[in-house]
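Worksheet: the structure to be examined is printed underneath.
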Amino acid sequence: EGDCRSVVRCDKAGIAGTIRLAKVKCPSGLAFDLERQTCDWKAKVDNCDRLSKPRRVKPNFNTDEPVCPDGNLQCGNGECISQAFFCDQKPDCADGSDENACSVDEDPNKADVCNPSECLLPDCFCSADGTTAPGVEGGKLEISNLPMMITFTFNGAVNDENVRVYDKLFHGERLNPNGCTAKATYFVSHKYSNYSAVQELHRKGHEIGVFSITNDEDPKYWTEGSYDNWLAEMAGDRLIIERFANITDGTVVGVRAPYLLVGGNEQFNMMTDQFFAYDSSISAPLSSVPIWPYTLHYRMPHKCHGNAQNCPSRSHPIWEMPINELDRRDDPEFDENLTGCHLVSSCSNIYHKDQFRQLLQHNFDRHYGTNKAPLSLSFDPSWLLANTGFNDVIDDWMTHVLSTYTDVYFVTELQVIQWMQNPTSTAALRDFGEWKENCAVQGQPHCRLPNACPLETRELPGETHRLHTCLDCPKNYPWIQDPTGDGFSF
368 EGDCRSVVRC
378 DKAGIAGTIR
388 LAKVKCPSGL
398 AFDLERQTCD
408 WKAKVDNCDR
418 LSKPRRVKPN
428 FNTDEPVCPD
438 GNLQCGNGEC
448 ISQAFFCDQK
458 PDCADGSDEN
468 ACSVDEDPNK
478 ADVCNPSECL
488 LPDCFCSADG
498 TTAPGVEGGK
508 LEISNLPMMI
518 TFTFNGAVND
528 ENVRVYDKLF
538 HGERLNPNGC
548 TAKATYFVSH
558 KYSNYSAVQE
568 LHRKGHEIGV
578 FSITNDEDPK
588 YWTEGSYDNW
598 LAEMAGDRLI
608 IERFANITDG
618 TVVGVRAPYL
628 LVGGNEQFNM
638 MTDQFFAYDS
648 SISAPLSSVP
658 IWPYTLHYRM
668 PHKCHGNAQN
678 CPSRSHPIWE
688 MPINELDRRD
698 DPEFDENLTG
708 CHLVSSCSNI
718 YHKDQFRQLL
728 QHNFDRHYGT
738 NKAPLSLSFD
748 PSWLLANTGF
758 NDVIDDWMTH
768 VLSTYTDVYF
778 VTELQVIQWM
788 QNPTSTAALR
798 DFGEWKENCA
808 VQGQPHCRLP
818 NACPLETREL
828 PGETHRLHTC
838 LDCPKNYPWI
848 QDPTGDGFSF
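Numbering (my numbering), first residue to last: 368 to 857.
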């Protein structure tokens, strides 16, 4: 029809798995994206002129007899090259096949599977299937005396509108069992952020992480992004946050990728070099027992989940704070085939306040009743603003949880890592030093009237942006090549 809606795909049919051609048609208004192999809004699909996806030549890893000298592997065209050259971002085989089998499962230089005798806290943590809690294996702790940690994470710009939402949920009277205020983590993107508000969140003890400068909408910009791309976006974002929100204590150490589009080994190599401590972009598929956070010294304990995801295959000294998918079924007893959702704001079947309350409580019960893996509740704040009354539901639910349980804590992602590095029973948590910092902060904001700097940059011609900060205004609007706004390139 020429409208890019109808596609034919190879499909396995029946128990015998016979290969057949199956016809698929995208709904009206959508078109099939050949690269991502999914239906998307027509305006976003730019490959309608192509009829098929070219087959990529794969290397020959499985041969009956060894065909290459030790330490070498065979390219698709039969030539042998060193194993070290495979999946290094540079084609070394004449046919380029050494860069075509690089997923977590295929990469010939992939990280080893978990070895608990070598992987020791505080720097390394892993378990065979990812469900074992720290401290339990050696008998130091039991599941019953672990704290149940809940992390609220918010993605995107921090502005006056969503700060009102945050202030309602995290106020001076909402105390964890150790007497400290409930805390959250904010992955801040640059455009439209009010840095005086970011500074105030940090002053109150919340955690600030990075979410990129540009928030580019092209998925490949992230999944296939170069080391320098990730460096400019994430280290640049941290530079902007630290300078204009005046955060000088080195606590901006967490990364979340826009749209949760992971950048493979390039992202994690950059994070290691730039001393980022953790990533929180990888979702773990819905399962009966959730996954605990782990370090990437060893291979991921769950499959790389999501469409066209590019998870890291190599070993990296970085913590991964996985987003366990939420069970969004209205009736969890009825085993309908409904996929999980990673962000609370992506649970597309939640329309009513009572559904939302049930989603929160049911997923809390799933974690609390199994291995007490931290419950990650991730939001796009605009979703909370758009759904009237949903903020009240969270407010009531948090009150209910803290008044019902003595072992539940609303903490930041960094506080989860601090606990995992030093697993401590709930009885001893009242004196757990790392959770006592900025325990219950009093006092006034750093500035009542921030500078509202009207700024431009050559990188965004014709646009004027307001930069709100308690500090002096820079010369230019900070952007990817000039994150300090001083006119120097990054």
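Think of the CB as a built atom: it goes at the ideal place given N, C-alpha and C, for glycine as much as any other residue.
Remember, it's a predicted structure, so these values are computed and weren't measured experimentally.
Option nearest residue i by Cα separation, candidates the options
i: Val530; options: Gly829, Ala551 and Asn596; result: Ala551
i: Ile580; options: Gln848, Lys535 and Phe855; result: Gln848
i: Pro741; options: Asp732, Asp747 and Ser749; result: Asp732
i: Cys671; options: Thr430, Asn843 and Glu473; result: Glu473
i: Glu633; options: Pro679, Tyr626 and Gln404; result: Pro679
i: Asp585; options: Asp646, Ala675 and Glu540; result: Ala675
i: Tyr626; options: Leu508, Val620 and Asp747; result: Asp747
i: Val503; options: Ala819, Asn522, Thr706 and Asn789; result: Asn789
i: Asp643; options: Ala651, Pro652, Thr618 and Ile649; result: At residue 643 the sequence reads Phe, which differs from the Asp that was named. Answer by Cα proximity: Thr618.
i: Ile649; options: Met688, Gly621, Thr779 and Phe578; result: Met688
i: Asp646; options: Arg623, Pro660 and Val775; result: Arg623
i: Leu598; options: Thr766, Val374 and Gly630; result: Gly630
i: His669; options: Lys420, Cys486 and Ser494; result: Ser494
i: Val434; options: Pro421, Ser449 and Ser792; result: Ser449
i: Lys420; options: Val374, Glu509, Ala500 and Pro828; result: Val374
i: Gln725; options: Ile386, Ser770, Phe757 and Thr706; result: Phe757
i: Lys842; options: Gly736, Asn805, Gln456 and Thr824; result: Thr824
i: Gly621; options: Lys558, Asn561, His683 and Phe554; result: Phe554
i: Thr615; options: Ala651, Arg570, Pro652 and Thr590; result: Arg570
Proximity of residue i and residue j at Cβ, strictly below 9 Å
i: Met516; j: Trp686; result: no
i: Ser556; j: Asp604; result: yes
i: Cys406; j: Cys393; result: yes
i: Leu751; j: Val532; result: yes
i: Cys708; j: Leu727; result: no
i: Ser713; j: Ser749; result: no
i: Leu397; j: Arg376; result: no
i: Asn476; j: Arg797; result: no
i: Leu710; j: Asn522; result: yes
i: Pro821; j: Ser563; result: no
i: Ser745; j: Thr520; result: yes
i: Arg541; j: Phe799; result: no
i: Pro684; j: Val783; result: no
i: Val775; j: Phe723; result: no
Opposing strand residues paired with residue i [DSSP bridges]
i: Asp400; result: Thr405
i: Lys392; result: Ser373
i: Tyr772; result: Answer is none; Tyr772 lacks a bridge partner.
i: Val555; result: Gly523 and Val577
i: Ala651; result: Asn691
i: Phe746; result: Phe521
i: Phe777; result: Ile517
i: Asp472; result: DSSP lists no partner for Asp472.
i: Val622; result: Val577 and Asp646
i: Arg531; result: None, per the DSSP bridge assignment.
Alpha carbon of residue i to alpha carbon of residue j, nearest angstrom
i: Tyr772; j: Lys587; result: 44 Å
i: Ile575; j: Ala612; result: 10 Å
i: Leu370; j: Ala410; result: One detail in the question is off: residue 370 reads as Asp in this sequence, not Leu. Approximately 12 Å, taken between the alpha carbons.
i: Leu606; j: Asp583; result: 18 Å
i: Val808; j: Thr548; result: 8 Å
i: Leu401; j: Ser511; result: 49 Å
i: Ile690; j: Pro436; result: 42 Å
i: Tyr470; j: Gly546; result: Reading off the sequence, residue 470 comes out as Ser, not Tyr. Going from the Cα of Ser470 to the Cα of Gly546 covers about 45 Å.
i: Ser715; j: Glu446; result: 50 Å
i: Asp697; j: Thr755; result: 20 Å
i: Thr851; j: Phe537; result: 31 Å
i: Glu368; j: Asp721; result: With a pLDDT of only 48 at Glu368, under 50, the local geometry of the prediction cannot be trusted, and the value read off the model is given with reservation. Using only the alpha carbons, I get a separation of about 44 Å.
i: Ala602; j: Arg833; result: 22 Å
i: Phe453; j: Phe492; result: 27 Å
i: Cys814; j: Leu568; result: 13 Å
i: Asp501; j: Thr793; result: Looking at the sequence itself, residue 501 is Pro, so the reference to Asp does not match. Rounded to whole angstroms, Pro501 to Thr793 spans 14 Å at the Cα level.
i: Asp459; j: Asp640; result: 25 Å
i: Glu509; j: Gly539; result: 32 Å
i: Lys739; j: Glu609; result: 34 Å
i: Ala524; j: Trp846; result: 14 Å
- Task: Assess, as a yes-or-no matter, whether the segment 431 to 448 is touched by the segment 457 to 471 under the definition of 3 or more beta carbon pairs within less than 8 Å.
- Result: yes
- Query: Do three or more CB pairs link the segment 665 to 673 to the segment 472 to 492 at distances below 8 Å?
  - Reply: yes
- Query: Is the segment 650 to 660 close to the segment 424 to 433, with three or more CB pairs under 8 Å?
  - Reply: Contact between the segment 650 to 660 and the segment 424 to 433 is absent, because fewer than three Cβ pairs lie under 8 Å.
- Task: Determine, using beta-carbon pairs with one atom in the segment 589 to 604 and one in the segment 633 to 649, whether at least three such pairs fall under 8 Å.
- Result: yes
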